[in-house]
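Undergrad: Provided herewith is a single structure, encoded as structure tokens, for subsequent inquiry.
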Amino acid sequence: MTALAHDREALLAAGAPALLRQMIRVRRFEEKCVELYSATKIRGFLHLCIGEEAVAVGVISSLAPGDAVVSTYREHGHALARGVPMASVMAEMFGKATGCSHGRGGSMHLFDAERRFYGGNAIVGGGMPPSVGMALADQMNGRSDVTACIFGEGAMAEGAWHESANLAALWELPVLFVCENNRYAMGTALAREHAETDLTARAASYGMVAWSADGMDVLAVQEAAQRATALVRGGGGPCFLELRTYRFRAHSMYDPDRYRDKAEVERWRASDPIPRLTSDLLAQEALAESEVATWEAEIEQEIAAAVQAAEAAPLEPVEDLTRFVTSEGPPR
Amino acid sequence: MTTTWARPADSPSPDAAVTTYREALREAHREALRRDPRVFLMGEDVARYGGSFAVSLGLAEEFGEERVRDTPLSESAFTGAGIGAALRGMRPIVEIMTVNFSLLALDQILNNAATLLHMSGGQLAVPLVIRMTTGGGRQLAAQHSHSLEGWYAHIPGLRVLAPATLEDARGMLWPALEDPDPVLIFEHGSLYPLKGTLPDPPPEVDIAHAAIRRAGGDVTLVAYGGGLGKTVAAADLLAAEGIEAEVVDLRVLRPLDEATLLDSLAKTHRAVVVDEAWRSGSLAAEVSARLSEKGFYDLDAPVERVCGAEVPLPYAAHLEQAALPQPEGIAAAARRTVHGDG
Numbered sequence: 001m002t003a004l005a006h007d008r009e010a011l012l013a014a015g016a017p018a019l020l021r022q023m024i025r026v027r028r029f030e031e032k033c034v035e036l037y038s039a040t041k042i043r044g045f046l047h048l049c050i051g052e053e054a055v056a057v058g059v060i061s062s063l064a065p066g067d068a069v070v071s072t073y074r075e076h077g078h079a080l081a082r083g084v085p086m087a088s089v090m091a092e093m094f095g096k097a098t099g100c101s102h103g104r105g106g107s108m109h110l111f112d113a114e115r116r117f118y119g120g121n122a123i124v125g126g127g128m129p130p131s132v133g134m135a136l137a138d139q140m141n142g143r144s145d146v147t148a149c150i151f152g153e154g155a156m157a158e159g160a161w162h163e164s165a166n167l168a169a170l171w172e173l174p175v176l177f178v179c180e181n182n183r184y185a186m187g188t189a190l191a192r193e194h195a196e197t198d199l200t201a202r203a204a205s206y207g208m209v210a211w212s213a214d215g216m217d218v219l220a221v222q223e224a225a226q227r228a229t230a231l232v233r234g235g236g237g238p239c240f241l242e243l244r245t246y247r248f249r250a251h252s253m254y255d256p257d258r259y260r261d262k263a264e265v266e267r268w269r270a271s272d273p274i275p276r277l278t279s280d281l282l283a284q285e286a287l288a289e290s291e292v293a294t295w296e297a298e299i300e301q302e303i304a305a306a307v308q309a310a311e312a313a314p315l316e317p318v319e320d321l322t323r324f325v326t327s328e329g330p331p332r
Numbered sequence: 333m334t335t336t337w338a339r340p341a342d343s344p345s346p347d348a349a350v351t352t353y354r355e356a357l358r359e360a361h362r363e364a365l366r367r368d369p370r371v372f373l374m375g376e377d378v379a380r381y382g383g384s385f386a387v388s389l390g391l392a393e394e395f396g397e398e399r400v401r402d403t404p405l406s407e408s409a410f411t412g413a414g415i416g417a418a419l420r421g422m423r424p425i426v427e428i429m430t431v432n433f434s435l436l437a438l439d440q441i442l443n444n445a446a447t448l449l450h451m452s453g454g455q456l457a458v459p460l461v462i463r464m465t466t467g468g469g470r471q472l473a474a475q476h477s478h479s480l481e482g483w484y485a486h487i488p489g490l491r492v493l494a495p496a497t498l499e500d501a502r503g504m505l506w507p508a509l510e511d512p513d514p515v516l517i518f519e520h521g522s523l524y525p526l527k528g529t530l531p532d533p534p535p536e537v538d539i540a541h542a543a544i545r546r547a548g549g550d551v552t553l554v555a556y557g558g559g560l561g562k563t564v565a566a567a568d569l570l571a572a573e574g575i576e577a578e579v580v581d582l583r584v585l586r587p588l589d590e591a592t593l594l595d596s597l598a599k600t601h602r603a604v605v606v607d608e609a610w611r612s613g614s615l616a617a618e619v620s621a622r623l624s625e626k627g628f629y630d631l632d633a634p635v636e637r638v639c640g641a642e643v644p645l646p647y648a649a650h651l652e653q654a655a656l657p658q659p660e661g662i663a664a665a666a667r668r669t670v671h672g673d674g
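Chains A and B, in that order, give the protein sequences.
Counting in my numbering, the first sequence runs from 1 upward without gaps.
Counting in my numbering, the second sequence runs from 333 upward without gaps.
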């Protein structure tokens with residue numbers, strides 16, 4: 001991997017230290033989740049984005065507060081980057097009443113309506129059609145909001161992708177399709193599941209602008225996302241962004257990871273977005289070692305507080321089991 | 333089909349106008365589009381063509397193609413788009429041509445529309461209306477004729493409606509749009525040409541209760557949608573023999589209005605459930621089970637069921653008719669409950 005080529009001014013102008021801090025925060029949060037999973041505090045499926053933090057942080061930092069994020073089951077990073085409070089995410093992992101989904105969602109179904117964070121969809125490709133509809137509503141109402149629909153490359157084999165891409169392009173809807181290409185759909189490599197592995201070519205065939213960027217470089221991600229978001233917001237119709245990334249860990253906690261060799265994982269670790277940006281910032285003197293140490297301490301404290309709060313939080317009462325099946329209160 | 337079995341509860345008012353089920357639905361759409369700027373209709377052929385069953389004929393000209401919107405043949409995408417638009421403050425009506433095609437959108441209906449509110453801990457309500465045709469009797473063969481509304485009635489989080497009368501066709505859409513949660517409306521394909529009169533203004537309709545379509549004290553006949561006309565016809569046959577059947581139109585397939593069913597059973601002590609769908613795992617099975625569970629001591633005879641034959645619906649008219657419940661079969665089941673024989 002080539003080293004980052006940004007100078008100090010460019011790094012600071014892009015807010016690189018803040019991006020780095022956010023990536024570290026996501027990484028440490030997930031490392032804690034692994035620990036808690038092993039301690040059986042967290043159950044169910046747990047899909048980690050360790051290695052992919054640059055995508056979450058780079059894309060979401062490019063969005064405005066009014067924009068929408070539609071995510072997948074590997075969404076902890078997206079949620080945290082979007083500003084969903086860590087305590088409510090952690091409590092949801094624990095299945096507690098204070099969790100963002102009141103213990104009904106768990107790791108795969110994080111939602112925060114106030115921050116326009118729409119999951120948390122565990123059906124591959126399932127979030128795509130609703131994202132098209134959100135953009136349709138924005139278009140019909142003359143709003144300039146963008147809907148960012150994040151999915152893995154595996155989802156591009158689903159019918160929902162083809163239908164959604166066609167509809168969004170046909171109606172020129174403000175959707176930013178973000179493909180987190182980590183090369184494996186669960187355990188199946190890209191070339192084993194796609195006849196055409198050039199994902200941008202496929203997206204472009206629907207008549208939308210399609211770009212690729214290095215998904216291990218948060219600044220490259222951010223730059224591509226900013227350009228794409230501006231295009232979409234300006235009425236240019238949908239845009240497709242392929243971010244080439246890699247997950248260092250298995251698909252989920254249940255996955256023995258037998259489908260790829262360790263050497264490949266190690267090769268990708270060399271382009272880990274966190275040390276990469278850290279060394280660049282340090283080399284450019286845009287950051288001091290002591291600042292990183294301070295962040296680490298702050299993040300550790302934030303995580304510890306979130307865990308403590310989740311441990312102490314009440315369980316959702318069993319009497320409330322059937323709440324939220326249908327809406328409560330008078331019709332709107 | 334020109335049957336005119338539907339009889340308004342009261343004699344027509346001087347202002348009553350002759351209309352059809354199709355026109356009643358169209359008028360309901362016109363009213364909704366006028367009343368609420370958030371309402372829009374989308375689906376295959378709903379705009380230029382005027383709707384596969386002509387329900388939306390003329391609405392695109394009146395309201396524009398933004399609000400009456402043709403979609404590609406993409407049931408998953410446009411149904412899911414309805415969910416997204418609903419989440420974002422709109423009040424979409426999605427038309428799916430037939431229930432068979434809705435299976436292409438089942439992921440969106442079940443995994444998103446019905447589920448998001450719960451999965452998000454109450455944050456994401458989906459005020460979406462999905463309409464589709466259902467049912468057989470028109471020689472459309474197996475991929476356009478099935479009655480799968482019972483499958484949808486299985487799903488928590490959905491309200492499932494089956495208008496069988498002009499009043500319901502005219503009156504159910506607006507309250508469905510006012511419901512903060514997803515509502516599915518099943519229109520039996522053979523009902524569109526149904527003729528009758530509607531008072532002006534049309535009566536208000538609730539989407540929570542079953543309706544007694546004919547009062548009687550000897551046996552309760554439970555039906556809905558396309559089965560209601562045949563059930564009323566069966567009640568006429570029975571009346572000629574001195575058996576007064578009470579006909580309960582379920583109207584709301586989920587949540588079921590148990591109280592109306594049990595009240596009727598308490599009066600008649602006998603029940604026949606009519607359902608075009610296959611007997612196994614049907615809505616008729618659910619209704620029958622509830623009558624047995626909660627009305628057991630009111631029952632003077634086993635609950636009878638008259639359902640569709642367990643075959644994919646065939647094309648040939650005589651085979652198709654043989655596969656569907658018919659008035660004579662319904663009457664025979666009723667006689668068994670009354671006399672212990674057919």
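Built from N, CA and C at the ideal position, the CB exists for glycine as well.
(1) Examine chain B for any beta-carbon lying closer than 7 Å to the beta-carbon of Gly105 of chain A, and answer yes or no.
(2) Compare the C-beta of Val132 of chain A against all C-beta atoms of chain B and say whether one is closer than 7 Å.
(3) I'd like to confirm the pairing. Which residues does DSSP put opposite Thr351 of chain B in its beta bridges?
(4) With distances taken Cα to Cα, identify the nearest neighbour of Glu259 of chain A among A:Glu302, A:Glu53, A:Thr188.
(5) What does Glu163 of chain A touch in chain B if you count any residue whose Cβ is under 7 Å from its own?
(6) Considering only residues of the segment 79 to 115 of chain A, which uninterrupted alpha helix (DSSP H) runs meet the minimum length of 4 residues and lie entirely inside it, listed in chain order?
(7) Using a beta-carbon distance below 7 Å, is Asn443 of chain B in contact with chain A?
(8) Could you tell me how far apart the beta carbons of Ser164 of chain A and Val124 of chain A are, in whole angstroms, since I believe they sit closer than 8 Å?
(9) DSSP on Glu608 of chain B, reduced to helix/strand/coil?
(10) Comparing alpha-carbon positions, which option in A:Lys32, A:Ala13, A:Asp214 lies nearest Ile299 of chain A?
(11) Using the DSSP secondary-structure output, state which residues sit across from Arg637 of chain B in a beta bridge.
(12) Buried or exposed: which applies to Val350 of chain B, given that a residue is buried once 16 or more other Cβ atoms fall within 10 Å of its Cβ?
(13) Is the CB of Thr326 of chain A under 7 Å away from at least one CB in chain B?
(14) Output, in chain order, the set of chain B residues within a Cβ distance shorter than 9 Å of Arg323 of chain A.
(15) Would you tell me roughly how many angstroms separate the C-alpha atoms of Ala91 of chain A and Gly106 of chain A, rounded to the nearest one?
(16) Runs of 3 residues minimum, wholly inside the segment 169 to 246 of chain A: which ones carry the beta strand (DSSP E) assignment?
(17) Give the interface partners of Ile415 of chain B over in chain A, defined as CB-CB distance under 8 Å, in chain order.
(18) Any Cβ of chain B within less than 7 Å of the Cβ of Ile123 of chain A?
(19) Please say whether Ala137 of chain A and Arg420 of chain B have beta carbons closer to each other than 7 Å?
(20) Give the straight-line distance between the Cα atoms of Asp581 of chain B and Asp511 of chain B, rounded to the nearest whole angstrom.
(21) Which residue's Cα is closest to the Cα of Val232 of chain A: A:Arg28, A:Glu172, A:Tyr206, A:Ala270?
(22) Less than 7 Å between the C-beta atoms of Gln440 of chain B and Ala649 of chain B, yes or no?
(23) Would you verify that the beta carbon of Ala160 of chain A is, or is not, closer than 7 Å to some beta carbon of chain B?
(24) On the three-state DSSP scale, how would you describe Thr336 of chain B?
(25) Check the Cβ of Ala286 of chain A against every Cβ in chain B and list those closer than 9 Å, keeping chain order.
(26) Under 7 Å between beta-carbons, which chain A residues line up against Asp439 of chain B? List them in chain order, please.
(27) Answer yes or no: do Gly627 of chain B and Leu597 of chain B have a C-beta to C-beta separation smaller than 7 Å?
(28) For the candidate residues A:Ser88, A:Ile60, A:Gly58, A:Ser61, whose alpha-carbon lies nearest to that of Phe350 of chain A?
(29) Pop quiz: Arg362 of chain B and Leu391 of chain B are said to be a contact at Cβ under 8 Å. What is the actual Cβ separation, rounded to whole angstroms?
(30) How would you list, in chain order, the residues of chain A whose beta-carbon sits under 8 Å from the beta-carbon of Asp402 of chain B?
(31) Is Gly396 of chain B close to chain A, meaning its C-beta is less than 7 Å from at least one C-beta of that chain?
(32) Where does the unbroken beta strand (DSSP E) through Cys149 of chain A begin, and where does it stop?
(33) Please list, in chain order, all residues of the same chain as Val371 of chain B whose beta carbon is under 7 Å from its beta carbon, the five residues on each side excluded.
(34) Is the separation between the beta-carbon of Val606 of chain B and that of Ile662 of chain B shorter than 7 Å?
(35) Under the DSSP definition of a beta bridge, which residues are partnered with Asp402 of chain B?
(36) Which one or two residues does DSSP pair with Val426 of chain B in a beta bridge?
TA: From the atom records:
(1) Chain B contact via Cβ: present.
(2) By this cut-off, Val132 of chain A is an interface position.
(3) DSSP lists B:Gly528 as partners of Thr351 of chain B.
(4) What sits at residue 259 of chain A in the sequence shown is Tyr, not Glu. For Tyr259 of chain A, the closest C-alpha among the options A:Glu302, A:Glu53, A:Thr188 is that of A:Thr188.
(5) Residues of chain B passing the Cβ test: Ser406, Ser408, Ala409.
(6) Secondary structure within the segment 79 to 115 of chain A: the alpha helix (DSSP H) runs of 4 or more consecutive residues, fully enclosed, are 86 to 93 (chain order).
(7) Closer than 7 Å to some Cβ of chain A, the Cβ of Asn443 of chain B qualifies, so yes.
(8) The pair is not a contact, with the Cβ atoms about 13 Å apart (cut-off 8 Å).
(9) Of the three classes helix, strand and coil, the one that applies to Glu608 of chain B here is strand, per DSSP.
(10) Ranking A:Lys32, A:Ala13, A:Asp214 by Cα distance to Ile299 of chain A puts A:Lys32 first.
(11) According to DSSP, which records beta bridges pairwise, Arg637 of chain B is partnered with B:Val605.
(12) Using a 10 angstroms sphere on the CB of Val350 of chain B, the tally of other CB atoms stays under 16, which defines it as exposed.
(13) For Thr326 of chain A, at least one C-beta of chain B is nearer than 7 Å to its own C-beta.
(14) The CB of Arg323 of chain A comes closer than 9 Å to the CB of His450, Gly453, Gly454 in chain B, given here in chain order.
(15) Rounded to whole angstroms, the separation of the alpha carbons of Gly106 of chain A and Ala91 of chain A is 9 Å.
(16) At a cut-off of 3 residues, the continuous stretches assigned as beta strand (DSSP E) that sit fully inside the segment 169 to 246 of chain A are 175 to 181, 209 to 214, 239 to 244.
(17) Contact annotation for Ile415 of chain B against chain A: Pro129, Pro130, Gly133 [CB-CB distance below 8 Å, chain order].
(18) Judged by the 7 Å Cβ criterion, Ile123 of chain A is in contact with chain B.
(19) Between Arg420 of chain B and Ala137 of chain A, the C-beta spacing is below 7 Å.
(20) Rounded to whole angstroms, the gap between the alpha carbons of Asp581 of chain B and Asp511 of chain B is 21 Å.
(21) Minimum Cα-Cα distance from Val232 of chain A among the listed residues A:Arg28, A:Glu172, A:Tyr206, A:Ala270 corresponds to A:Glu172.
(22) Not closer than 7 Å, so no.
(23) The beta carbon of Ala160 of chain A falls within 7 Å of a beta carbon belonging to chain B, placing the residue at that interface.
(24) With a pLDDT of 41 at Thr336 of chain B, under the threshold of 50, the predicted position of this residue should be treated as unreliable, and no value is reported.
(25) Within chain B, no residue comes near Ala286 of chain A; the closest Cβ sits about 39 Å away, beyond 9 Å.
(26) Close to Asp439 of chain B, with beta-carbon spacing below 7 Å, are these residues of chain A in chain order: Ile123, Gly126.
(27) Yes, these two residues count as a Cβ contact at 7 Å.
(28) This structure does not reach residue 350 of chain A, given that chain A is present from 1 up to 332, and the question cannot be answered.
(29) Their Cβ separation, rounded to whole angstroms, is 7 Å, which keeps Arg362 of chain B and Leu391 of chain B in contact under 8 Å.
(30) Contact of Asp402 of chain B with chain A by beta-carbon distance below 8 Å is absent, the smallest such distance being about 10 Å.
(31) With 7 Å as the cut-off, Gly396 of chain B does not count as an interface residue toward chain A.
(32) Boundaries of the beta strand (DSSP E) harbouring Cys149 of chain A: 147 to 152, taken from the DSSP string.
(33) Take Val371 of chain B, set aside five residues on each side of it, and the residues of its chain with a beta-carbon closer than 7 Å to its own are Ala364, Leu365, Arg423, Ile425, Leu509, in chain order.
(34) Contact flag set, yes.
(35) In DSSP, Asp402 of chain B forms a bridge with B:Gly375.
(36) Paired residues: B:Met374, B:Ile462.
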